[in-house]
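Comments concern the structure below.
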Amino acid sequence: MSEFKKLTYPEYEQLAKPLLKELARMARWLAETGQRIVVVFEGRDTAGKGGSIDAIARVLNPRQCRVAALPSPSDRERGQWYFQRYIPYLPAKGEITLFDRSWYNRAGVEPVMGFCSQEETEGFLKAVPEFERHLVDDGILLFKYWLCCDQDRQEERFENRLLNPLKRWKLSSIDVQARTRYDSYTEARERMLEATHTEFAPWTLVEFNDQALGRLTLLRDFLDRIPDTDLPVKEMEWPPLPGEPLKERYRVIQPIPAYPIESAPREADGESAYG
Numbered sequence: 001m002s003e004f005k006k007l008t009y010p011e012y013e014q015l016a017k018p019l020l021k022e023l024a025r026m027a028r029w030l031a032e033t034g035q036r037i038v039v040v041f042e043g044r045d046t047a048g049k050g051g052s053i054d055a056i057a058r059v060l061n062p063r064q065c066r067v068a069a070l071p072s073p074s075d076r077e078r079g080q081w082y083f084q085r086y087i088p089y090l091p092a093k094g095e096i097t098l099f100d101r102s103w104y105n106r107a108g109v110e111p112v113m114g115f116c117s118q119e120e121t122e123g124f125l126k127a128v129p130e131f132e133r134h135l136v137d138d139g140i141l142l143f144k145y146w147l148c149c150d151q152d153r154q155e156e157r158f159e160n161r162l163l164n165p166l167k168r169w170k171l172s173s174i175d176v177q178a179r180t181r182y183d184s185y186t187e188a189r190e191r192m193l194e195a196t197h198t199e200f201a202p203w204t205l206v207e208f209n210d211q212a213l214g215r216l217t218l219l220r221d222f223l224d225r226i227p228d229t230d231l232p233v234k235e236m237e238w239p240p241l242p243g244e245p246l247k248e249r250y251r252v253i254q255p256i257p258a259y260p261i262e263s264a265p266r267e268a269d270g271e272s273a274y275g
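Read in the numbering used here, the sequence shown has 242 at position 242, and its numbers run on one by one without any break.
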């Protein structure tokens, strides 16, 4: 496997802090201007889509930020217009939607794994630029990111999921099959980019062999492409309390004992929590 120095967790947190502050300002700008944002996250399994989405979503108001991670389509959904089941997740005024995979399943996972026909994929690749043109023309800011990782890094992350009980839920039988089709996914991606990388809805590829560095790179690019979001903070009255701060009082039920932190295991100093 390829060797490279990864960012440690403390290094990542230090570098991410100013970006997250900018992200919070962006959210306030979004709410005050009523703009709408869609961010599509695509890439290979284990590339880092979920972690990147979480890094953004945890800073934002959950009433404002929606994460869309759709399951496999139902029988009824298979009988609908292909884009139809994604429409309800598009943002309203002042909202942002983060798609953890998207309508681009039809250009990647589905054809590679045999879940759709070649004709269906061809029809999708012809239709998607027009679909996205409608979104952009209606005023939605659309960002499309593809997260890149080499197969040796993917294998390392698959093994981590296999051995880590906290991540085992991320593995499925499809992952076992997908591991042998790395080149097929590459070919499907290149075909997709050729058909759907447009001036009004371009793709951005981000290196994610180091997931922490990839998140920083993606977030910096995203914030740089948003209009000026530095709005003045509205004044808010915050009068002092009428008396001394009060202590909690309990009559019916008492709180349970605190967790014994003295016996809690400690992580190794500087250990990366980002794969």
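Cβ coordinates follow ideal geometry from the N, Cα and C atoms, glycine included. Treat the numbers as computed from the prediction; the structure is a model and nothing was measured.
Under three-state DSSP, which class holds residue i?
| i | result |
| --- | --- |
| T121 | helix |
| E262 | helix |
| D269 | Model confidence at D269 stands at a pLDDT of 45, short of 50, so the residue's coordinates are unreliable and nothing is read from them. |
| P257 | coil |
| K167 | coil |
| A201 | coil |
| S2 | Low confidence applies here, because S2 scores a pLDDT of 44, under 50, leaving its location unreliable; read the following figure in that light. If DSSP states are grouped into helix, strand and coil, S2 belongs with coil. |
| Y274 | Legend: pLDDT at Y274 = 48, less than 50; position of this residue unreliable, value from coordinates given subsequently. Reduced to three states, the DSSP call for Y274 is coil. |
Return the bridge partner residues of residue i from the DSSP annotation.
| i | result |
| --- | --- |
| G48 | According to DSSP, which records beta bridges pairwise, G48 is partnered with nothing at all. |
| V67 | L98 |
| I37 | I96, L141 |
| L147 | G43, V206 |
Kindly indicate the opening and closing residues of the alpha helix (DSSP H) around residue i.
| i | result |
| --- | --- |
| T196 | 182-196 |
| W285 | Outside the shown range of the chain, which is 1 to 275, sits residue 285, and nothing can be said about it. |
| F158 | 151-163 |
Would you give the residue range spanned by the beta strand (DSSP E) that residue i belongs to?
| i | result |
| --- | --- |
| V176 | Run containing V176: none in the beta strand (DSSP E); it sits in the alpha helix (DSSP H), 173-178. |
Can we count residue i as close to the ligand NAD, meaning its CB is less than 7 Å from some heavy atom?
| i | result |
| --- | --- |
| F115 | With respect to the ligand NAD, the structure offers nothing, as it holds no ligand at all. |
For the stretch 70-137, which segments carrying the beta strand (DSSP E) assignment without a break, of at least 3 residues, lie completely within its bounds, in sequence order? 96-100
Given 8 Å as the limit, is there contact between the stretch 233-250 and the stretch 35-43, that is, 3 or more CB pairs closer than that? no
Extract the residue ranges of the alpha helix (DSSP H) inside the stretch 203-247, only unbroken runs of 4 or more that lie entirely within it. 211-224
Should the stretch 67-81 be called in touch with the stretch 91-107, which here means at least 3 C-beta pairs below 8 Å? yes
Is the stretch 8-25 touching the stretch 175-195, taking contact as three or more C-beta pairs under 8 Å? no
Evaluate the contact criterion for the stretch 193-207 versus the stretch 134-147: three or more CB pairs, one atom per stretch, below 8 Å. yes
Between the stretch 208-215 and the stretch 25-38, are three or more C-beta pairs nearer than 8 Å? no
Could you tell me whether the stretch 217-234 touches the stretch 26-34, using the rule of 3 or more Cβ pairs below 8 Å? yes
Please determine if the stretch 124-136 and the stretch 193-202 are in contact, where contact requires at least 3 C-beta pairs separated by less than 8 Å. yes
Looking at C-beta atoms only, is the number of pairs between the stretch 47-60 and the stretch 75-90 that lie closer than 8 Å three or more? no
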